[in-house]
Amino acid sequence: MKNLNLFGYYLIITGLICSCNTNRSEKEIINTSVDTLSASGLVGISVKLIKTASIDFKVKNVFESAKHIVSSTHKMNGLVLDRHIESVDENSKSLAISDDSVQLINSYVVKANMLVSVPTEKLDGFIDDVSASAAHIQDIQLKIEDKSLDYLAGKMKQQNHEQLLQYKAGKNHKTNESISLLEQNNKLVDQQVKNKKIDADVNYSSVQLSFYQNPLVRSEVMARDDLSGYRLPFLSSIRNSFFNGWYYFLTFIIGAVSLWMFILAGVVIIFTYRYFKFRKVSAV
1 MKNLNLFGYY
11 LIITGLICSC
21 NTNRSEKEII
31 NTSVDTLSAS
41 GLVGISVKLI
51 KTASIDFKVK
61 NVFESAKHIV
71 SSTHKMNGLV
81 LDRHIESVDE
91 NSKSLAISDD
101 SVQLINSYVV
111 KANMLVSVPT
121 EKLDGFIDDV
131 SASAAHIQDI
141 QLKIEDKSLD
151 YLAGKMKQQN
161 HEQLLQYKAG
171 KNHKTNESIS
181 LLEQNNKLVD
191 QQVKNKKIDA
201 DVNYSSVQLS
211 FYQNPLVRSE
221 VMARDDLSGY
231 RLPFLSSIRN
241 SFFNGWYYFL
251 TFIIGAVSLW
261 MFILAGVVII
271 FTYRYFKFRK
281 VSAV
């Protein structure tokens, strides 16, 4: 009877150990990060997933939000790659308030576009921080691109190039073979750079941010650009007309004096004509 009890305890302990191992295996599967899984079948460090995101949202103040995004990016050891802020006019109206000035009223929207790069492990935290500071989220997109096979192919090609270069290193080469060796070297460098770029894109994720705020209204008084509206007061116009008339009269006198030879010749011709006409009448 005692042996049966001991055997029963043994079965219970064994069952508990197996159940713990089963739960442990399930937890390990559940806690496995998607960063270590690939559709290509690769696991672990061989997986190369490139994450990119884009957020389109509305804020209360574009300039303050831009400062907040820059500060948040720096805190996460990220980098601001591009920042562009612009004001887009929507409607405008001009009101004449005097002969020489107008009041210009226009509505405009301030928009911003930013491109930032943050560590991939902090991407979700960055998106949450930006979303929390937004007044309204219009669109959030997250894209994951699997570059595992491209990276693996690049490593295999790199190894092949290295083996080929090592094989040719101990031989004397002619000019054509030296050129071919140089081309192989360049291909090796290109492949190394390509793989390093994939590593950089895997470690740092790019986030495209587009945000704007409510339309604003701006009013300003400015000089009128229509010159027909600029006129002198009535008394000033009368005074200018008087002086202009006197100026034209003096100008006429000066012009007449300048033609004194023509006037004198005309007077001589007239008197000569009348003189000969008078003698002819007297003779008759």
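Counting along the sequence shown from 1, when you hit position 58 you're at 58 in UniProt numbering, and nothing is skipped either side. Yeah, the Cβ is synthetic: ideal placement off N, Cα and C, and Gly gets one too.
Item                                                                                                                                                       : Value
Just how far apart, CA to CA, sit glycine 130 and lysine 51?                                                                                               : As written in the sequence, residue 130 is valine, which differs from the glycine given in the question. C-alpha separation (whole angstroms): 17 Å.
So, at 6 Å on beta carbons, what are the nonlocal neighbours of valine 110 in its own chain, with the 5 sequence-adjacent residues on each side left out?  : Val62, Ser87, Gln213
Would you call isoleucine 253 buried or exposed, if buried means 16 or more other Cβ atoms sit within 10 Å of its Cβ?                                      : exposed
Do serine 205 and leucine 115 have their C-beta atoms closer together than 8 Å?                                                                            : no
With a threshold of 8 Å, are at least 3 pairs of Cβ atoms found where one atom belongs to the stretch 127-144 and the other to the stretch 83-98?          : no
How would you call alanine 66, buried or exposed, if buried means at least 16 neighbouring beta carbons within 10 angstroms?                               : buried
Whole angstroms are fine: how far does the CA of serine 210 sit from the CA of serine 91?                                                                  : First, the residue type needs correcting, since residue 91 is asparagine and not serine in the sequence shown. Straight-line Cα distance between these residues: approximately 22 Å.
Below 8 Å on the Cβ atoms is my contact criterion, and I expect glutamine 141 with serine 54 to pass it. Report the Cβ-Cβ distance as a whole number of Å. : 5 Å
Consult DSSP for glutamine 138 and reduce its assignment to one of helix, strand or coil.                                                                  : strand
What three-state label does DSSP hand lysine 111 in the structure shown?                                                                                   : strand
Which of helix, strand or coil does DSSP assign to valine 88?                                                                                              : strand
Can you give me the C-alpha to C-alpha distance between threonine 239 and histidine 84, rounded to a whole angstrom?                                       : For the sequence presented, residue 239 should be read as arginine rather than threonine. Going from the Cα of arginine 239 to the Cα of histidine 84 covers about 58 Å.
Reducing DSSP to helix, strand and coil, say where isoleucine 17 ends up.                                                                                  : Reliability of the predicted coordinates at isoleucine 17 is poor, the pLDDT of 43 falling under 50, and no value is obtained from them.
Which same chain residues, not among the five before or five after residue 296, have their C-beta less than 8 Å away from its C-beta?                      : The structure shown does not extend to residue 296, since the chain is modelled only from 1 through 284, so no value can be given for it.
Could you round the C-beta distance between phenylalanine 57 and alanine 134 to whole angstroms and report it? I think they count as a contact, below 8 Å. : 4 Å
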